[in-house]
Amino acid sequence: MAGADPRDTERDAILRALAPVVDGIAATFGPVCEVVLHDYRRPERSVVAVAGTVTGRTVGGAMSEIGMRMLARGDTAEPELNYVTRTGDGRLVKSSTMVLRDSTGAVFGALCVNVDVTEVDRVRGLLDALAGPEGPIGPTGLAAPPADAPVTTFGDDIDSVVEALLDALLDAPLRGRDQTWAGLDRGRRLALFRGLDERGVFAVRRAIEQVAARLGISRASAYSYLAQSRAAAADAPAGTDDTSQGAQP
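For the sequence shown, my numbering begins at 2 and goes up steadily by one.
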(Lines of atoms letter the chains of each structure in order from A and count residues from 1; the text may use other names and numbers.)
(Lines give C-alpha, C1' and ligand atoms only; values in the text may rest on other atoms or scores of the structure.)
Protein backbone atom coordinates (compact mmCIF):
# COMPACT_ATOMS: atom_id res chain seq x y z
CA MET A 1 0.00 0.00 0.00
CA ALA A 2 1.34 3.42 -0.94
CA GLY A 3 2.69 5.33 2.05
CA ALA A 4 2.86 2.28 4.32
CA ASP A 5 5.73 2.23 6.79
CA PRO A 6 8.19 -0.52 5.76
CA ARG A 7 8.86 -1.19 9.43
CA ASP A 8 5.30 -2.37 10.00
CA THR A 9 6.13 -5.95 9.00
CA GLU A 10 8.78 -6.11 11.72
CA ARG A 11 6.51 -4.50 14.29
CA ASP A 12 3.68 -6.91 13.51
CA ALA A 13 6.10 -9.82 13.97
CA ILE A 14 7.20 -8.50 17.39
CA LEU A 15 3.59 -8.20 18.53
CA ARG A 16 2.81 -11.75 17.36
CA ALA A 17 5.85 -13.08 19.20
CA LEU A 18 4.79 -11.38 22.43
CA ALA A 19 1.21 -12.71 22.38
CA PRO A 20 2.11 -16.00 24.16
CA VAL A 21 4.22 -14.02 26.65
CA VAL A 22 1.06 -12.15 27.67
CA ASP A 23 -0.70 -15.40 28.52
CA GLY A 24 2.37 -16.83 30.25
CA ILE A 25 2.91 -13.91 32.62
CA ALA A 26 -0.77 -13.73 33.57
CA ALA A 27 -0.92 -17.49 34.20
CA THR A 28 2.17 -17.34 36.40
CA PHE A 29 0.79 -14.69 38.75
CA GLY A 30 -2.82 -15.87 38.73
CA PRO A 31 -6.14 -14.00 38.93
CA VAL A 32 -4.69 -10.86 40.52
CA CYS A 33 -2.59 -10.21 37.40
CA GLU A 34 -3.46 -8.70 34.05
CA VAL A 35 -1.12 -8.32 31.07
CA VAL A 36 -1.96 -6.02 28.16
CA LEU A 37 -0.13 -5.72 24.83
CA HIS A 38 -0.53 -2.37 23.06
CA ASP A 39 0.04 -1.27 19.48
CA TYR A 40 0.53 2.51 19.59
CA ARG A 41 -0.02 2.83 15.86
CA ARG A 42 -3.76 2.81 16.55
CA PRO A 43 -4.47 4.64 19.85
CA GLU A 44 -8.26 4.24 19.68
CA ARG A 45 -7.95 0.42 19.59
CA SER A 46 -4.42 -0.20 20.79
CA VAL A 47 -5.07 -3.40 22.79
CA VAL A 48 -3.99 -6.33 20.60
CA ALA A 49 -3.74 -9.00 23.33
CA VAL A 50 -4.86 -9.22 26.95
CA ALA A 51 -4.90 -11.85 29.69
CA GLY A 52 -6.49 -11.29 33.09
CA THR A 53 -9.26 -8.96 34.22
CA VAL A 54 -7.77 -6.44 36.65
CA THR A 55 -8.83 -3.38 34.62
CA GLY A 56 -11.41 -5.08 32.42
CA ARG A 57 -9.56 -4.41 29.18
CA THR A 58 -10.52 -6.28 26.00
CA VAL A 59 -8.86 -6.76 22.63
CA GLY A 60 -9.62 -3.79 20.41
CA GLY A 61 -9.91 -1.45 23.38
CA ALA A 62 -8.28 1.95 23.68
CA MET A 63 -5.09 2.89 25.45
CA SER A 64 -5.26 4.51 28.88
CA GLU A 65 -3.99 7.95 29.80
CA ILE A 66 -0.70 6.24 30.67
CA GLY A 67 -0.33 5.02 27.10
CA MET A 68 -1.34 8.41 25.76
CA ARG A 69 1.48 9.99 27.73
CA MET A 70 3.91 7.43 26.33
CA LEU A 71 2.62 8.16 22.84
CA ALA A 72 3.20 11.87 23.35
CA ARG A 73 6.82 11.23 24.34
CA GLY A 74 7.44 9.34 21.12
CA ASP A 75 10.82 7.70 20.77
CA THR A 76 12.06 9.35 23.97
CA ALA A 77 9.59 7.30 26.03
CA GLU A 78 11.17 5.12 28.71
CA PRO A 79 9.76 2.19 30.69
CA GLU A 80 7.81 3.09 33.82
CA LEU A 81 8.23 0.32 36.36
CA ASN A 82 6.60 -0.62 39.65
CA TYR A 83 4.27 2.37 39.98
CA VAL A 84 0.97 2.42 41.84
CA THR A 85 -2.39 3.74 40.71
CA ARG A 86 -6.07 3.26 41.52
CA THR A 87 -8.89 2.13 39.31
CA GLY A 88 -12.14 4.06 39.18
CA ASP A 89 -13.73 1.62 41.63
CA GLY A 90 -10.96 2.15 44.18
CA ARG A 91 -8.78 -0.92 43.69
CA LEU A 92 -5.05 -0.43 44.21
CA VAL A 93 -2.97 -1.59 41.24
CA LYS A 94 0.80 -1.99 40.96
CA SER A 95 1.94 -1.75 37.36
CA SER A 96 4.85 -1.70 34.96
CA THR A 97 4.76 -0.35 31.41
CA MET A 98 7.57 -1.50 29.12
CA VAL A 99 7.86 0.24 25.77
CA LEU A 100 8.39 -1.76 22.59
CA ARG A 101 10.89 -0.60 19.98
CA ASP A 102 11.63 -1.79 16.47
CA SER A 103 15.17 -2.31 15.14
CA THR A 104 15.53 1.42 14.45
CA GLY A 105 14.74 2.30 18.06
CA ALA A 106 11.31 3.74 17.28
CA VAL A 107 8.66 3.20 19.95
CA PHE A 108 5.52 1.55 18.56
CA GLY A 109 3.83 -0.19 21.48
CA ALA A 110 4.04 -1.38 25.07
CA LEU A 111 3.71 -4.43 27.26
CA CYS A 112 1.87 -3.60 30.48
CA VAL A 113 1.59 -5.71 33.63
CA ASN A 114 -1.06 -4.81 36.22
CA VAL A 115 -1.30 -6.55 39.60
CA ASP A 116 -4.24 -5.95 41.95
CA VAL A 117 -2.65 -5.38 45.37
CA THR A 118 -5.78 -4.13 47.12
CA GLU A 119 -5.92 -7.06 49.53
CA VAL A 120 -2.17 -6.87 50.15
CA ASP A 121 -2.59 -3.25 51.16
CA ARG A 122 -5.46 -4.10 53.51
CA VAL A 123 -3.34 -6.75 55.22
CA ARG A 124 -0.47 -4.29 55.50
CA GLY A 125 -2.80 -1.78 57.15
CA LEU A 126 -3.93 -4.41 59.66
CA LEU A 127 -0.34 -5.36 60.49
CA ASP A 128 0.65 -1.71 60.86
CA ALA A 129 -2.26 -1.16 63.24
CA LEU A 130 -1.27 -4.20 65.31
CA ALA A 131 2.39 -3.15 65.39
CA GLY A 132 1.55 0.39 66.48
CA PRO A 133 2.88 3.70 65.14
CA GLU A 134 6.43 2.90 66.23
CA GLY A 135 6.37 -0.68 65.01
CA PRO A 136 8.27 -1.93 61.97
CA ILE A 137 6.61 -1.82 58.59
CA GLY A 138 7.24 -4.84 56.41
CA PRO A 139 7.97 -4.45 52.71
CA THR A 140 5.03 -4.75 50.33
CA GLY A 141 6.71 -3.95 47.04
CA LEU A 142 4.56 -0.86 46.53
CA ALA A 143 6.21 2.09 44.81
CA ALA A 144 4.14 4.76 46.61
CA PRO A 145 1.94 5.09 49.72
CA PRO A 146 -1.62 4.06 48.84
CA ALA A 147 -2.96 7.47 49.86
CA ASP A 148 -0.83 9.05 47.14
CA ALA A 149 -1.90 6.67 44.39
CA PRO A 150 -3.69 8.61 41.64
CA VAL A 151 -6.86 7.41 39.94
CA THR A 152 -6.27 6.22 36.39
CA THR A 153 -9.05 5.72 33.85
CA PHE A 154 -8.91 2.33 32.17
CA GLY A 155 -11.48 1.68 29.49
CA ASP A 156 -12.04 0.38 26.01
CA ASP A 157 -13.52 3.73 24.89
CA ILE A 158 -10.84 6.33 24.11
CA ASP A 159 -13.37 9.13 24.56
CA SER A 160 -13.76 8.27 28.26
CA VAL A 161 -9.99 8.39 28.71
CA VAL A 162 -9.76 11.79 27.03
CA GLU A 163 -12.68 12.99 29.15
CA ALA A 164 -10.88 11.95 32.35
CA LEU A 165 -7.82 13.95 31.33
CA LEU A 166 -10.04 16.92 30.55
CA ASP A 167 -11.55 16.63 34.02
CA ALA A 168 -8.10 16.66 35.60
CA LEU A 169 -6.41 19.29 33.46
CA LEU A 170 -9.27 21.60 32.55
CA ASP A 171 -11.84 21.47 35.34
CA ALA A 172 -9.40 21.26 38.27
CA PRO A 173 -7.47 24.46 37.48
CA LEU A 174 -10.74 26.39 37.18
CA ARG A 175 -12.62 24.86 40.10
CA GLY A 176 -12.46 26.77 43.37
CA ARG A 177 -10.94 29.90 41.80
CA ASP A 178 -14.20 31.57 40.80
CA GLN A 179 -13.00 31.62 37.23
CA THR A 180 -14.19 30.44 33.88
CA TRP A 181 -12.32 29.79 30.65
CA ALA A 182 -13.29 33.30 29.52
CA GLY A 183 -11.62 34.69 32.63
CA LEU A 184 -8.26 33.02 32.07
CA ASP A 185 -5.39 35.03 30.68
CA ARG A 186 -3.54 33.89 27.56
CA GLY A 187 -0.69 32.32 29.51
CA ARG A 188 -2.97 30.03 31.50
CA ARG A 189 -4.96 29.11 28.42
CA LEU A 190 -1.78 28.08 26.61
CA ALA A 191 -0.60 26.18 29.69
CA LEU A 192 -3.79 24.11 29.68
CA PHE A 193 -3.37 23.23 26.01
CA ARG A 194 0.28 22.41 26.52
CA GLY A 195 -0.59 20.13 29.42
CA LEU A 196 -3.11 18.26 27.30
CA ASP A 197 -0.70 18.06 24.38
CA GLU A 198 2.12 16.66 26.51
CA ARG A 199 -0.21 13.94 27.76
CA GLY A 200 -0.95 12.78 24.23
CA VAL A 201 -4.56 13.97 24.09
CA PHE A 202 -4.26 15.52 20.65
CA ALA A 203 -2.86 12.33 19.13
CA VAL A 204 -6.39 10.95 19.44
CA ARG A 205 -8.93 11.55 16.70
CA ARG A 206 -11.76 13.90 17.64
CA ALA A 207 -9.98 15.02 20.82
CA ILE A 208 -9.77 18.60 19.61
CA GLU A 209 -13.56 18.62 19.26
CA GLN A 210 -13.95 17.29 22.82
CA VAL A 211 -11.68 19.98 24.20
CA ALA A 212 -13.43 22.73 22.24
CA ALA A 213 -16.84 21.56 23.42
CA ARG A 214 -15.74 21.46 27.07
CA LEU A 215 -14.32 24.97 26.87
CA GLY A 216 -17.19 26.39 24.85
CA ILE A 217 -14.97 27.55 22.02
CA SER A 218 -14.85 26.79 18.32
CA ARG A 219 -12.71 24.02 16.87
CA ALA A 220 -10.74 26.67 14.99
CA SER A 221 -9.98 28.46 18.26
CA ALA A 222 -8.87 25.20 19.85
CA TYR A 223 -6.50 24.53 16.97
CA SER A 224 -5.16 28.06 17.30
CA TYR A 225 -4.44 27.66 21.02
CA LEU A 226 -2.79 24.31 20.35
CA ALA A 227 -0.54 25.82 17.68
CA GLN A 228 0.35 28.74 19.94
CA SER A 229 1.15 26.44 22.87
CA ARG A 230 3.45 24.35 20.69
CA ALA A 231 5.17 27.43 19.35
CA ALA A 232 5.68 28.75 22.89
CA ALA A 233 7.15 25.42 23.95
CA ALA A 234 9.50 25.41 20.97
CA ASP A 235 10.66 28.95 21.80
CA ALA A 236 11.27 28.19 25.49
CA PRO A 237 14.95 28.38 26.55
CA ALA A 238 16.77 25.05 26.56
CA GLY A 239 16.70 23.31 29.90
CA THR A 240 13.45 24.84 31.11
CA ASP A 241 10.54 22.64 32.02
CA ASP A 242 7.34 24.30 33.15
CA THR A 243 5.20 21.27 32.48
CA SER A 244 2.63 20.82 35.20
CA GLN A 245 2.80 17.28 36.50
CA GLY A 246 -0.42 15.37 36.88
CA ALA A 247 -0.99 11.93 38.30
CA GLN A 248 1.73 9.44 37.81
CA PRO A 249 0.77 6.51 35.55
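Glycine is no exception: its CB is placed at the ideal position from the N, C-alpha and C atoms.
This one's a predicted model, so the numbers in the text were calculated from it and none came from an experiment.
- Here the alpha carbon of R74 sits roughly 8 Å from the alpha carbon of G201.
- Take R231, set aside five residues on each side of it, and the residues of its chain with a beta-carbon closer than 8 Å to its own are R195, D198, in chain order.
- Between E81 and I67, the CB-CB gap stays under 9 Å.
- A straight line joining the alpha-carbon of E79 with that of M99 spans about 8 Å.
- In the DSSP assignment, E164 falls within the unbroken alpha helix (DSSP H) covering 159 to 167.
- Of all alpha-carbon atoms in T10, I209, T119, the one lying nearest the alpha-carbon of L166 is that of I209.
- For R92, there is no enclosing alpha helix (DSSP H), as DSSP marks it with neither H nor E.
- The beta-bridge partner set that DSSP reports for D198 is empty.
- The bridge partners DSSP lists for G110 are D40, L101.
- The beta carbon of R220 sits closer than 8 Å to the beta carbons of I209, E210, A213 from its chain, once the five residues preceding and following it are set aside; these are given in chain order.
- A50 sits in a strand when the DSSP states are folded into three classes.
- Here R58 carries a coil assignment [DSSP, helix/strand/coil].
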